[in-house]
Each structure stands twice: as C-alpha cells, then as structure tokens.
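Novice: If you read the protein sequences in the order shown, they are chains A and B.
For the first sequence, UniProt numbering assigns the number 1 to the initial residue and increments by one for each residue that follows.
For the second sequence, UniProt numbering assigns the number 1 to the initial residue and increments by one for each residue that follows.
Below is a structure I'd like to ask you about.
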Amino acid sequence: MENILEVKNLHVSFDTHGGEVTAVRGVSFDLKKGETLAIVGESGSGKSVTTRAIARLIPSPPGRIKEGEILFNGKDLAKLKEKQMQQIRGKDISTIFQDPMTSLNPTMKIGKQIMEGLMKHQKMDRSLAKKKAIELLDLVGLPDAKERVDQYPHQFSGGQRQRVVIAIALACNPQILIADEPTTALDVTIQAQILELMKDIQRKTESSIIFITHDLGVVANVADRVAVMYAGKIVEIGTVDEIFYNPKHPYTWGLLGSMPTLDNEEESLVAIPGSPPDMLQPPKGDAFAPRNEYALEIDNELDPPMFKVSDTHYAATWLLHEYAPKVEPPAAVKKRMKGFGNTGASPISKKGDD
Amino acid sequence: MAKYILQRLGYMVVTLYLIATFSFFLMKMLPGSPLRAKEKLSEAQQLIVLEKYGLNDPVPVQYIKYIGDLLQGDLGISFQMKNQAVTDILLNRIPISAQLGLYALLIGTTVGMLLGIAAAIKNNSWVDYSANFVSVIGISIPSFIFAGLLQYYVGVELGLLPIAFWGTWQQAIMPTIALAIFPMAIAARFMRTEMIEVLGSDFIVTARAKGLNETAVLFKHGLRNALIPLVTVMGPMAVSLMTGTLVIEQIFSIPGIGEQFVTSVMTDDFSVIMGTTLFFAFFFVFIILIVDVLYGIIDPRIRLAGGKD
C-alpha cells in the first residue's frame, strides 16, 4: 500500500521561560492509505504534540517545528505557509479532539460549526452545506438530525457531542483523520460506540487514521499498527500482533504489564516505577534507562538506534543488539500476552468486535 | 422570552416603588429646608410658603400625595427654579447628558475592545505592553485631569477646539474624549483577559483545525465567547456615564443632569432630588434588564427562563 504520510526525523520544541522543552525528538513513521496507526504512551510522551505538528496546530510561539519533514502526498507540510496550510487543514487532514465538552463552541449552533468547513473548502452555499451537515449528523448516528442541527452544544450529551466533533472532522472527507484520545473523556459504553462508529466510517471513507490513546484495549480494538512513544521518541513500532505478542522494548513490556484486565483479580497491578524525564533537560543516553530494570551500561551513554525485528517491527533498545544479554519479558507480561490470544485485548473489544 | 421580559418589567415597577419610598423618607430625615434666606422671612411667611408646597403636612400624608402624583407622571415642581415642573427640568437636561454619555460609551468601548483584542492576539509583545500601559493610565488617572489637559493644550495652546459649552459637534469632542478614556481602559482590560482565556480554549483549536483563517477564528469563535464579562461591567458603566457626570459637565460647562443634581442637593430642592434619583434608578434597572437580555443573545446557555429556545 502506498504511504499517504511520511514523517521524517521530526523535532518539536517549545520555548519557555525555563528554557527549551524538547517535546518531540526525532520521530519518524509513515502512514499508509486506509490504515489505522495507534500512537500510545504516557502523558507527556509527545504523542499529541507529534500529531498537532502534523496538522500544524502547534501554537507558535512558544512552539516550533525545529527540524524534520512531514511529507503528505509528497508535499512537506512543515514548510508550508499558514495560508497554504489552511487549505489542507480540515479538508485533507482533520482532527478529532479529546474532550467533547470543551471542543465545541458553546455559542454557535452545531450545524453552523459543521457547515463552516464545508463552506470554506467545498465552496458550498449555506443551504447545501446545511443539507450536508444533516447528512453528516445522520452518518455519525445522531437521531433527529434535522432538528438537532439547529441546537447548541449544551443541549447534547458527552457522547453525542463527540459524534458532532467527528461529523465536523469528517465533513470534507479527509484523507487523514487524527483522533487525539477521542474516547478518553467518555464512559466505557459510549467509548465502545464511538470506536465502532470510527471503524465503520473508515470502512466507508477509506481514510487513514492516526489514533492517539493511552488505552491499550482501544489499540487492540482499532489499530492496524502501533507506535509506542516515550520522552518524545518512538521506542517501538510494529503491527498490533507484533506489539502485543512479541513486544521487544522494556517500556512496551511495562505498558502491557500495567494494563488492568478483568480476570487477574488476585494480582496487584504492575506499575512502571518513576516518572517520565523532564524534557527541559532530556537525559543523556536512553531516556527510559532510569526507570528500566533491564537497562544496560550503554543505555546511560548512548541512545539506542532503531533495531529491526521484522520488516514491520522496529524497537529502540540495546537489548536487541547482538552483544546484549538475552532478556525475556517479565512473567506478568507473558501471561498477559497469552491472555490477548484467547479473549481479545479488553472488555471493550469484546463488545466492539462483532 | 416575552414572558420573561414582562415579568422583569413587573419587578422593575416594584423596585422603583421601593426606591421612591426609601428616598422619600430619607429625604425627609435630612436637616435643612428648601427655603433659602430663611432668616429674612418671618415665621408667618415661612408657614405660608411651606403650606403652599404641602411641606407642613405630616410626612405620611406628604408621602401618599407624592406617590399619587408620581403614578400620574407628575414629579412635582422645583422649589428653587421658578416653579418649573421637575419633569421639564429632567427632559431639558437628560438628553444632553445621555448624548454625551452615549458617545463616550460607544467610542470608549469600541476603542477599548480593539485594544484588548490586539493585546490578546499579540500577547506579551510590545502591542500588549502598550495597550496595557494605556489602560493602566486610563484607569488610574481621573477624567478631569484629561479634561484639563485637553482644554489647555488642544483648546488654549493649539486653539483647535472650543473649550466649553454644548451645542456644536466641535464642543462635543473634548468632553467625549475625556469621558471615554475610563470605559476604554476598562473595556481593554476585560477584553484582553477574556480573549486570552477564550483563545486558549479547545474549541478555538477545533476552529483552527477546520482550516478557518485567523480572522474567522477570532471574530466568529473568539469574540462572542469573550463578551459576557465585558457586558457585565459595561452595563453599570453605561448608567454612570449616561446619567451625567458632574465633574466633566462642570469643567466644560455642559448643562447636563449631573450638574443639576448636585445643585439641587446643595439647595434642598426636594422634588428635583427625588425626580433625579428616580430617573437614575429607573435607568439603572432598565440597563440591568438590557444586560440580562444581552446575555441570552450572546450566550445560548443563559437563554432566559420562560423561553423555549
């Protein structure tokens, strides 16, 4: 499949009073047509900043794309002028945001909020745009779309609002849909519905999705490939199966191990010790080393390069070096990996995978 | 909505009635009498005059009579100004004050909002700092200093504008500017703070993510959400500006209501004081109603009770 997006060595920094915060430090990945790439990682790992940089939604100042290329259909978005970017944003690349309670304008009818993009990018007139807005609301499964199009956000529930946000993002049939934790602010049953909706829409529109989440259950449910981010870098990337059944990076082990499941009530949850590094002064060597029980001497000196595990699977850990000691994932994670095999990854996927 | 407004108008009448009652009795508790040069009049003469104006009746009787007249739209006659009806005095003076106040309000708010928006967009730049400087000056320096400075430099030194009186548009310029500086400063402060907050909210990112240009983001999505606090402070400000500002009217010799009010207080002109107080109260309550209705127009979340939409 052809690549619709190629991110190459992306660096994003924020200039603060305390100094330069290096939020994204050399991220590279590509996105194929029609696939869903999940980006997972702790808060502050740079997942949102990476995708906002792709949509060029980083406020500047203080933020800036320091270096790197974002090739969308061969065009480098990092170098586009704001005016040119406005032609792409909302049309070819759309974003669904995390919190539906705050991401809609409270003083504007939702219909109008959907119509804005249509009128700008597809040059529709008001009545045509409104018709299309009603269709979109139907598409995202909002009942009584005809009446509701003239209502304000506060007249909708959280899940309904997220449907509206999705309708806004879908308005112009974007080629890339960036979903920035679209289900985090919703309760579990609504989460499942929204995920189902997104999968359904992807089937219909064949758009590519970048799905940011820290919920591995969601990842298993929606993604084709997974990129694991830590401290502004991708530490492991591969297909869902590779990441879930054959994880190589100790950080990925940690994430999988700290994932609660329904059937392990006798065990306590495994937590990754410590907290992410201060990105004002990123540590020398591997940023994860201080929290990594498998860290090697070299981790404190040299940042590991990406080691190839398979054609689709790469991980940045010295453990994959030929001289490194052979280390097995911890028992808890192994057990968890077995669990994925027979039950699906999480209670959510049981619901959604029908 | 209509039901709500009617209900509010009902409350307004009650409020005004209470204010009229309180002011009436407070006034009666004041020492002093509207008789000027009392010592030149004999007891009998004083009695005749007081009798004539009904000031010798017991206070409750005076009160009932006053409220009765009030209901018929009669505010009584001035004790000091050659038996002029209070309503006439008010009608002569209020339009001048209201006009001056309205100019100052419109100009001040508009300029202030623009300054505030500019400061918010260029947050922490020289634009922001200059706008901040201007608004701090405007808030902290009283209007009569500006009035005096304008009169001296623009009026006297440069001779560009007339320094006093009211009637031509040239005469309106300096008092309007002097009066507009404070509302401008307040509007700029509020607009800046609110706009910075609104521009940081998620729905602004949503708007940008749609590919809208900055002007659309700012004015279609930002401004309306930043207006509520401004409307809240500007309401009472409108009242104080349009009900006459004593100082500015004195400095520029403008025959407005503010000047009249102070004169009446000095001369115990009860009926004029009452009339003016009631007018102020009416205007105040009215503006508050307007502000409440504006809230609903600006923000659908506070659409008023009683309305369906």
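Glycine included, each C-beta is placed from N, C-alpha and C at the ideal position.
1) Do you know whose CA, among Ile141/B, Met266/B, Gln170/B, lies nearest Gly155/B's CA?
2) Considering just the uninterrupted stretch of the beta strand (DSSP E) at Met101/A, what are its terminal residues?
3) Determine whether the beta carbon atoms of Gly101/B and Met242/B lie at a separation below 7 Å.
4) Could you give the distance in angstroms between the alpha-carbon of Ser275/A and the alpha-carbon of Ile298/A?
5) In whole angstroms, what separates the C-alpha of Ala178/B from that of Leu199/B?
6) Suppose contacts are defined by Cβ-Cβ distances below 7 Å. Is Ala180/B in contact with Gly108/B by that definition?
7) Against chain A, with Cβ distances strictly below 7 Å, would Pro229/B count as a contact?
8) According to DSSP, simplified to helix, strand and coil, what is Gln13/A?
9) Where does the unbroken beta strand (DSSP E) through Ala179/A begin, and where does it stop?
10) Please classify Gly254/A as buried or exposed, where buried requires at least 16 other C-beta atoms within 10 Å of its C-beta.
11) Compare the Cα-Cα distances from Gly232/A to each of Gly217/A, Val27/A, Glu6/A, Ala289/A and report the closest residue.
12) Could you give the distance in angstroms between the alpha-carbon of Met85/A and the alpha-carbon of Gly68/A?
13) How many angstroms separate the CA atom of Asp180/A from the CA atom of Ile96/A?
14) Short of 7 Å in beta carbon distance, which residues of its chain neighbour Val165/A, apart from the five on each side in sequence? Order them along the chain.
15) With H, G and I counted as helix, E and B as strand and the rest as coil, what does DSSP make of Ser78/B?
16) Drop a sphere of 10 angstroms on the beta-carbon of Met29/B, count the other beta-carbons inside from all chains shown, and report buried for 16 or more, exposed for fewer.
17) Jot down the residue ranges of each uninterrupted beta strand (DSSP E) in the stretch 158-215 of chain A, minimum 3 residues, whole runs only, in chain order.
18) Using CA atoms only, rank isn't needed, just tell me which of Glu42/A, Gly34/A, Ile272/A, Thr183/A is closest to Ser258/A.
19) Flag this pair as yes or no: are the beta carbons of Leu256/A and Ser207/A separated by less than 7 Å?
20) Restricting to Cα atoms, I'd like to know which of Ala207/B, Ile173/B, Leu115/B, Leu212/B is closest to Ala187/B.
21) Consult DSSP for Ala345/A and reduce its assignment to one of helix, strand or coil.
22) Could you tell me whether any Cβ in chain A is nearer than 7 Å to the Cβ of Arg208/B?
23) Name, in chain order, the residues that DSSP records as bridge partners for Ser94/A.
24) Only counting runs of 4 or more residues, tell me where the alpha helix (DSSP H) segments fall wholly within the stretch 90-146 of chain B, in order along the chain.
25) Check the Cβ of Glu242/A against every Cβ in chain C and list those closer than 9 Å, keeping chain order.
26) Which residues, in order along the stretch 117-128 of chain A, keep a beta-carbon less than 9 Å from a beta-carbon of chain B?
27) Excluding five sequence neighbours on each side, which residues of the same chain lie with their C-beta closer than 6 Å to the C-beta of Met119/A?
28) Run through the DSSP bridge pairs and tell me what Met229/A is partnered with.
29) What residues of chain A sit near Leu212/B, judged by a beta carbon separation below 9 Å?
30) With distances taken between CB atoms, is the gap from Gly68/B to Met184/B smaller than 7 Å?
31) What distance in whole Å lies between the Cβ atoms of Val222/A and Lys199/A, which are believed to be in contact at a cut-off of 8 Å?
32) If you draw a straight line from the C-alpha of Ile77/B to the C-alpha of Met1/B, how long is it?
33) Where do the N-terminal and C-terminal ends of the beta strand (DSSP E) with Ala23/A fall, by residue?
34) Against Asp99/A, what residues of chain B qualify as contacts under a CB-to-CB distance less than 8 Å, listed in chain order?
35) Quick one, which of Ile114/A, His11/A, Gly117/A has its alpha-carbon nearest residue 388/A's?
36) From Gln87/A to Met306/A, what does the alpha carbon distance come to, in whole angstroms?
Specialist: Once the coordinates are examined:
1) Minimum Cα distance to Gly155/B is reached at Gln170/B.
2) Counting along the chain, Met101/A falls outside any beta strand (DSSP E), and DSSP gives it neither H nor E.
3) At a Cβ-Cβ threshold of 7 Å, Gly101/B and Met242/B count as neighbours.
4) So the alpha carbons of these two residues sit roughly 21 Å apart.
5) Distance from the CA of Ala178/B to the CA of Leu199/B, rounded to the nearest whole angstrom, comes to 32 Å.
6) When the beta-carbon positions are compared, Ala180/B and Gly108/B come within less than 7 Å of each other.
7) Chain A, which has no Cβ nearer than 7 Å to the Cβ of Pro229/B, makes this no.
8) Gln is not the amino acid found at residue 13/A; the sequence shown has Ser there. Note: Ser13/A maps to strand in three-state DSSP.
9) From DSSP, the beta strand (DSSP E) with Ala179/A extends over 176-180.
10) Buried, because 16 or more other Cβ atoms sit within 10 Å of the Cβ of Gly254/A.
11) Considering only Gly217/A, Val27/A, Glu6/A, Ala289/A, the residue with the shortest C-alpha distance to Gly232/A is Val27/A.
12) When rounded, the distance between both Cα atoms is 17 Å.
13) Here the alpha carbon of Asp180/A sits roughly 6 Å from the alpha carbon of Ile96/A.
14) Ile96, Phe97, Pro100, Ser103, Leu104.
15) Coil.
16) So Met29/B counts as exposed.
17) You should have 176-180, 208-213.
18) Nearest Cα to Ser258/A within the set Glu42/A, Gly34/A, Ile272/A, Thr183/A: Ile272/A.
19) Taking 7 Å as the cut-off, the beta carbon of Leu256/A is found no closer than this to the beta carbon of Ser207/A.
20) Of Ala207/B, Ile173/B, Leu115/B, Leu212/B, the residue nearest in Cα terms is Leu115/B.
21) Low local confidence applies: a pLDDT of 43 at Ala345/A is under 50, so the model's placement there is unreliable, with the coordinate-based value given in what follows. For Ala345/A, the three-state secondary structure derived from DSSP is coil.
22) Among the residues facing chain A, Arg208/B is included, as its CB has a counterpart in that chain under 7 Å away.
23) The beta-bridge partner set that DSSP reports for Ser94/A consists of Leu177/A.
24) Those alpha helix (DSSP H) runs which fall completely within the stretch 90-146 of chain B and span 4+ residues are 126-140.
25) Considering every chain present, this structure includes no chain C. Its protein chains are A and B.
26) Residues passing the 9 Å Cβ filter: Gly117, Lys120, His121.
27) So the qualifying residues of the chain are Ala129.
28) In the DSSP output, where bridge partners are listed per residue, Met229/A has Ile234/A.
29) Simply Gln86, Arg89, Gly90, Glu116, Gly117, Lys120.
30) Not closer than 7 Å, so no.
31) About 6 Å separates the two Cβ atoms, so the contact holds.
32) Taking the straight line joining both Cα atoms gives about 39 Å.
33) For Ala23/A, the enclosing beta strand (DSSP E) covers residues 19-32.
34) Chain B residues near Asp99/A: Asp202.
35) Past the boundaries of the shown model lies residue 388/A; chain A is included only from 1 to 354, so the question cannot be answered.
36) It is roughly 35 Å from the alpha-carbon of Gln87/A to the alpha-carbon of Met306/A.
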